[in-house]
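From first to last, the protein sequence lines are chains W and Y.
Okay, so the first sequence: first residue is 310 according to my numbering, each after it adds one.
Okay, so the second sequence: first residue is 310 according to my numbering, each after it adds one.
Glycine included, C-beta positions come from ideal geometry on N, C-alpha and C.
Protein chains: 2
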Amino acid sequence: MNRNDCIALDAQDPLRALRDQFELPPGIVYLDGNSLGVLPKAAMARLRTVVEDEWGRELIKSWNTAGWITLPQRVGDKIGRLVGAGPGELVVADSTSVNLFKVLSAALAIARAGSPARLRIVSERSNFPTDLYIADGLARERGAELVLVDADDLAATVDERTAVLMLTQVNYRTGRLHDMQAVTRRAHEAGALVVWDLAHSAGALPVDLTGARADFAVGCGYKYLNGGPGAPAFVWVHPRHADRFRQPLSGWMGHAAPFEFSSDYRPAAGIARYLCGTPPVLSLAALECGVDTVLAASIEALREKSIALTARFIDLVETRCAGHGLSLVTPRDAQRRGSQVCFARAEGGYAIVQALIARGVIGDFRAPDILRFGFTPLYTRFVDVWDAVEHLVQVLQSGEWKAARFNQRAAVT
Amino acid sequence: MNRNDCIALDAQDPLRALRDQFELPPGIVYLDGNSLGVLPKAAMARLRTVVEDEWGRELIKSWNTAGWITLPQRVGDKIGRLVGAGPGELVVADSTSVNLFKVLSAALAIARAGSPARLRIVSERSNFPTDLYIADGLARERGAELVLVDADDLAATVDERTAVLMLTQVNYRTGRLHDMQAVTRRAHEAGALVVWDLAHSAGALPVDLTGARADFAVGCGYKYLNGGPGAPAFVWVHPRHADRFRQPLSGWMGHAAPFEFSSDYRPAAGIARYLCGTPPVLSLAALECGVDTVLAASIEALREKSIALTARFIDLVETRCAGHGLSLVTPRDAQRRGSQVCFARAEGGYAIVQALIARGVIGDFRAPDILRFGFTPLYTRFVDVWDAVEHLVQVLQSGEWKAARFNQRAAVT
Chain W
310 MNRNDCIALD AQDPLRALRD QFELPPGIVY LDGNSLGVLP KAAMARLRTV
360 VEDEWGRELI KSWNTAGWIT LPQRVGDKIG RLVGAGPGEL VVADSTSVNL
410 FKVLSAALAI ARAGSPARLR IVSERSNFPT DLYIADGLAR ERGAELVLVD
460 ADDLAATVDE RTAVLMLTQV NYRTGRLHDM QAVTRRAHEA GALVVWDLAH
510 SAGALPVDLT GARADFAVGC GYKYLNGGPG APAFVWVHPR HADRFRQPLS
560 GWMGHAAPFE FSSDYRPAAG IARYLCGTPP VLSLAALECG VDTVLAASIE
610 ALREKSIALT ARFIDLVETR CAGHGLSLVT PRDAQRRGSQ VCFARAEGGY
660 AIVQALIARG VIGDFRAPDI LRFGFTPLYT RFVDVWDAVE HLVQVLQSGE
710 WKAARFNQRA AVT
Chain Y
310 MNRNDCIALD AQDPLRALRD QFELPPGIVY LDGNSLGVLP KAAMARLRTV
360 VEDEWGRELI KSWNTAGWIT LPQRVGDKIG RLVGAGPGEL VVADSTSVNL
410 FKVLSAALAI ARAGSPARLR IVSERSNFPT DLYIADGLAR ERGAELVLVD
460 ADDLAATVDE RTAVLMLTQV NYRTGRLHDM QAVTRRAHEA GALVVWDLAH
510 SAGALPVDLT GARADFAVGC GYKYLNGGPG APAFVWVHPR HADRFRQPLS
560 GWMGHAAPFE FSSDYRPAAG IARYLCGTPP VLSLAALECG VDTVLAASIE
610 ALREKSIALT ARFIDLVETR CAGHGLSLVT PRDAQRRGSQ VCFARAEGGY
660 AIVQALIARG VIGDFRAPDI LRFGFTPLYT RFVDVWDAVE HLVQVLQSGE
710 WKAARFNQRA AVT
């Protein structure tokens with residue numbers, strides 16, 4: 310396997326044309342689409358239209374004429390197709406954190422209505438911090454308890470005291486992928502509900518919320534959905550639960566008839582009650598363009614390429630960087646990992662990532678010791694995998710990462 | 310007073326150059342800046358830079374290099390200058406509805422800590438619905454009670470059972486302006502805290518949160534701040550309260566050190582703990598341009614012109630539309646109104662507004678019977694006031710509003 314083999318793989322790649330959907334900075338190998346997806350070309354034109362024509366010329370009328378008011382549902386339906394949600398079951402709104410608050414509130418209330426002894430939110434100790442912070446905040450307010458365990462202990466921990474199991478399907482640090490169907494089934498057998506955070510799943514791999522009989526899901530717009538920095542998030546509630554609870558962030562967009570301006574809140578039917586404030590039109594428009602880039606492919610084909618890219622990256626790093634202290638953190642079994650590969654290194658992880666960035670290979674570092682590389686099959690090529698590893702080899706062999714400038718921590722890592 | 314007099318007033322207007330900051334559609338009299346402010350020219354260029362350069366080329370690095378991560382504070386400080394908040398006291402985040410949930414949670418908790426019998430949120434019956442919906446949702450969760458009264462009964466209602474008085478300073482339907490200083494003082498005398506919604510105040514008139522010793526405030530970015538459709542909102546907490554409570558939407562951006570990725574939530578000091586999810590960069594950038602258009606003037610000068618515009622509009626409508634069933638809803642005393650003028654009409658209000666829109670005069674209708682006209686002194690001219698009234702005269706005299714097409718309700722009114 311050499312660089313030419315990778316070029317040949319790219320030439321045969323049935324998804325290779327998808328890369329043309331994006332503005333990719335020249336000379337960069339971007340392995341950070343799991344933190345911020347790259348800019349879709351369509352988003353530039355779309356934002357110009359939304360700003361200059363819809364906002365600039367049509368102004369307030371655009372809520373109707375440009376369909377602004379239905380953007381949360383329209384973009385939601387598109388995301389729904391990627392995660393196994395039916396039409397009208399998923400909306401775009403707020404941030405992942407805020408949406409987690411809504412669905413955890415609902416899950417706690419519904420579980421307790423079935424059994425008042427269910428007072429626990431169970432999650433993984435290494436879940437993404439904002440999920441834990443939101444769950445902890447809610448648990449304090451509701452007299453519930455947040456119980457954190459290691460991934461391997463989840464099954465044994467979910468029991469008759471558990472109201473809800475809250476998991477991120479793909480772990481942000483390790484890339485480990487939970488089996489949504491199996492985990493959901495076991496939790497249901499224990500009488501608990503399940504909230505899935507799809508931040509690193511949506512747009513990255515096939516998800517079937519309906520097939521798994523999941524209860525609630527939230528997810529992020531700015532990673533594999535390419536929605537832009539701070540893009541709004543999404544929220545899904547299984548139809549069997551959607552009308553059972555009035556979520557506490559009961560803003561006017563979740564009202565059955567917001568433009569009646571009634572002083573009494575009457576929740577909309579279905580998922581619309583999970584909307585809250587006025588929809589962020591500019592961000593929603595950009596997100597729609599991002600989602601469209603994923604819908605341009607089959608998610609199964611993307612997954613197949615994702616596995617091929619990550620497998621090759623693991624193989625090349627382990628072969629070519631042997632003896633440099635990198636140990637694979639991501640599951641070697643492709644069925645058990647998402648679309649990222651992480652290595653731990655006892656020292657210098659941050660500086661090595663910085664040295665790679667200086668060479669144009671963009672990955673990221675996750676404290677305390679993780680070098681993280683995300684692979685977005687829409688635009689990542691096999692030759693990018695080769696080049697990234699080549700730079701990593703050079704960074705490690707030269708020891709250039711030890712230079713002081715690579716060791717100065719920036720505010721956002 | 311005729312049209313030429315208005316043109317003369319515009320020629321003498323010391324603020325006339327401010328209009329050049331905006332893209333205004335030709336042939337339109339836009340009296341709806343209190344629903345959606347018009348597009349600042351700077352926002353077009355800024356969004357292009359943010360999208361094409363910062364997102365498109367610099368990608369994830371822009372969180373540091375383009376200052377994305379500090380946008381909530383930077384734009385917040387600018388808004389703070391318009392509402393009497395000190396530097397570092399106000400942040401931009403989420404929606405008005407979500408921010409209300411945060412500050413009402415804090416206000417309830419702080420008030421109860423002082424006196425457990427304080428279980429009431431008091432508000433105005435005709436407050437904007439989303440404020441009432443959020444307060445009602447929170448009251449249900451917290452075992453509190455939402456008590457709604459008419460504006461004139463507020464003073465008598467706030468008593469030893471009141472935790473928090475929640476008011477929108479300028480009523481969205483009537484334009485009535487509360488005296489922030491006097492109302493806050495009376496509420497404090499009764500031992501209650503005050504939450505101010507500045508949706509129709511920020512950027513429209515001088516506000517002095519610090520001088521009034523207010524406790525909490527939220528406000529909207531897409532009205533007089535010209536931040537674009539669904540722009541993010543802002544939240545302010547007086548420094549004496551900011552560190553006293555951990556608000557329940559404890560997302561990672563409110564953490565003392567979000568990029569340590571600690572599993573334990575440690576709230577940031579001060580207002581930063583009122584942040585929640587990842588900041589919406591595109592929307593924040595547009596909002597900053599909108600806020601800059603207001604900072605280009607003195608808010609006192611804007612207020613002076615606003616009063617002149619609204620006084621003239623009232624005078625012209627009452628003189629020229631006499632006998633057509635319009636009755637002034639907005640206070641005649643300029644010190645008691647915001648920057649809008651509303652008339653009630655027993656029938657046909659919606660259709661009259663639609664007929665005006667068809668003529669290029671954009672106001673809006675608020676159920677059940679209000680014709681609402683907003684005046685944004687940054688771009689509204691005296692000749693616009695004249696022309697709007699001239700069209701209103703013609704609509705009423707011709708009876709054209711009775712045509713069926715004007716009576717068909719659109720989804721968003």
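Is residue i close to chain W? Criterion is C-beta to C-beta, closer than 8 Å.
i                      : result
residue 407 of chain Y : yes
residue 439 of chain Y : yes
residue 398 of chain Y : no
residue 539 of chain Y : yes
residue 313 of chain Y : no
residue 676 of chain Y : yes
residue 535 of chain Y : no
residue 719 of chain Y : yes
residue 352 of chain Y : yes
residue 681 of chain Y : no
Per DSSP, residue i forms a beta bridge with which residues?
i                      : result
residue 339 of chain Y : Y:671
residue 489 of chain W : Per DSSP, none; premise fails for residue 489 of chain W.
residue 543 of chain Y : Y:401, Y:528
residue 475 of chain Y : Y:432, Y:504
residue 636 of chain Y : Y:653
residue 646 of chain Y : Y:485
Any beta-carbon of chain Y closer than 8 Å to the one on residue i?
i                      : result
residue 701 of chain W : no
residue 569 of chain W : yes
residue 457 of chain W : yes
residue 669 of chain W : no
residue 716 of chain W : no
residue 475 of chain W : no
residue 404 of chain W : yes
residue 377 of chain W : yes
residue 410 of chain W : yes
residue 480 of chain W : no
residue 485 of chain W : no
Please classify residue i: is it buried, with 16 or more other beta-carbons within 10 angstroms of its beta-carbon, or exposed?
i                      : result
residue 689 of chain W : buried
residue 434 of chain Y : exposed
residue 422 of chain Y : exposed
residue 363 of chain W : buried
residue 381 of chain Y : buried
residue 396 of chain Y : exposed
residue 398 of chain Y : buried
residue 482 of chain W : buried
residue 316 of chain W : exposed
residue 541 of chain Y : buried
residue 607 of chain W : exposed
residue 321 of chain Y : exposed
Taking 7 Å as the cut-off, is the beta-carbon of residue i closer than that to any non-hydrogen atom of the ligand FMN?
i                      : result
residue 358 of chain Y : Of the ligands one can find in the structure shown there are none, so the ligand FMN has no counterpart to examine.
Interface positions of the region 325-347 of chain W facing chain Y (Cβ-Cβ less than 7 Å), listed along the chain: Of all residues in the region 325-347 of chain W, 332, 334, 339, 341, 344, 345, 347 have a Cβ within less than 7 Å of some Cβ in chain Y.
Stretch pair the region 442-450 of chain Y + the region 648-656 of chain Y: three plus CB contacts closer than 8 Å: no
The region 496-509 of chain W in contact with the region 464-471 of chain W per 3-pair CB rule at 8 Å: yes
Chain Y contacts from the region 574-602 of chain W (Cβ-Cβ distance under 7 Å): 574, 585, 586, 587, 588, 589, 590, 591, 592, 595
Residues of the region 356-371 of chain W whose Cβ lies closer than 9 Å to any Cβ of chain Y, in chain order: From the region 356-371 of chain W, only 356, 357, 359, 360, 361, 363, 364, 365, 366, 367, 368, 369, 370, 371 have a Cβ closer than 9 Å to chain Y.
Three CB pairs or more closer than 8 Å across the region 544-551 of chain W and the region 560-573 of chain W: Cβ pair count under 8 Å is below three, so no.
Selection of the region 541-572 of chain W by Cβ proximity to chain Y, strictly under 9 Å: 541, 542, 555, 556, 557, 558, 559, 560, 561, 562, 563, 564, 567, 568, 569, 570, 571, 572
Inter-stretch contact at 8 Å, needing at least 3 Cβ pairs: the region 515-534 of chain Y / the region 585-604 of chain Y: Verdict: yes, contact present.
contact_flag[the region 501-520 of chain Y, the region 602-619 of chain Y] where n(CB pairs < 8 Å) is 3 or more: yes
Chain Y contacts made by the region 441-454 of chain W, where a contact means CB separation under 9 Å: Those would be 441, 442, 443, 445, 446, 447, 449, 450, 451, in chain order.
The region 323-339 of chain W in contact with the region 681-696 of chain W per 3-pair CB rule at 8 Å: yes
Cβ contact (3+ pairs, closer than 8 Å) linking the region 572-583 of chain W and the region 426-441 of chain Y: yes
The region 701-719 of chain W in contact with the region 341-360 of chain W per 3-pair CB rule at 8 Å: no
Within 8 Å of chain Y by C-beta, residues of the region 421-435 of chain W in sequence order: Result list: 434, 435.
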